[in-house]
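For the sequence shown, our numbering gives the first residue as 11, with consecutive numbering after it.
Idealized CB from N, CA, C, for every residue including glycine.
Model, not experiment: these values are computed from the prediction.
Following: one structure in structure tokens, then a few remarks.
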Amino acid sequence: MEPGDSTKQARAAAQLRKGVLEYCVLALMRDRPRYGVELLHALEDSGALATSQGTVYPLLSRLRRDDLVTTTWQESVAGPPRRYYALTDSGRAALDEFTRVWPGFRDAVDAFLTTPPPSTGDPA
């Protein structure tokens, strides 16, 4: 591995994560409301989507401002009350749209990454 390769890989992973994190968080709420630390653990368990509270909580605040999620407070048997996040109808629609668009986007990127570019006939 060349010097700086791990930095370049980390940068690429961060850019990819930034682009899809919002929709992954929405997808985690598809079946039931979740609280912040629960979302963080699920993202961490995925490996590639592990992130920090400093990323997830501002994202959740933005999703709430954008009316994609709503919140409620619920008592916890293991500590203070927890803020649970749930999809709104707008959030479910945004997730449905992303789910519809994602396969074509993923396939287009995969095609570029796995197929040599077509020859233009011009020498480089």
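Helix, strand or coil for T98 per DSSP?
Three-state result, T98: coil.
Quick one: Cα of R92 to Cα of D55, how far?
The straight-line gap from Cα to Cα measures roughly 21 Å.
If you compare alpha carbons, which of L50, R44 and T61 is closest to S86?
It is R44.
Within 8 Å, do at least three Cβ pairs link the stretch 91-110 to the stretch 58-69?
Counting Cβ pairs under 8 Å, fewer than three are found: no touch.
Can you tell me whether V79 is helix, strand or coil according to DSSP?
Of the three classes helix, strand and coil, the one that applies to V79 here is strand, per DSSP.
DSSP on S56, reduced to helix/strand/coil?
Of the three classes helix, strand and coil, the one that applies to S56 here is helix, per DSSP.
Count the other C-beta atoms from every protein chain shown that fall within 10 angstroms of the C-beta of L123, then say buried if there are 16 or more, exposed otherwise.
That one is exposed.
Over what stretch of residues does the alpha helix (DSSP H) that includes A88 continue unbroken?
It is not in any alpha helix (DSSP H) - A88 carries neither H nor E in the DSSP assignment.
For L78, count the other beta carbons within 10 Å of its own beta carbon; 16 or more makes it buried, fewer makes it exposed. Which is it?
That one is buried.
What residues are listed by DSSP as bridge partners for Y45?
DSSP lists Y94 as partners of Y45.
By DSSP, does P113 sit in helix, in strand, or in coil?
The answer is helix: DSSP assigns P113 an H, G or I state.
Where does S16 fall in DSSP's three states?
DSSP places S16 in helix when its eight states are reduced to three.
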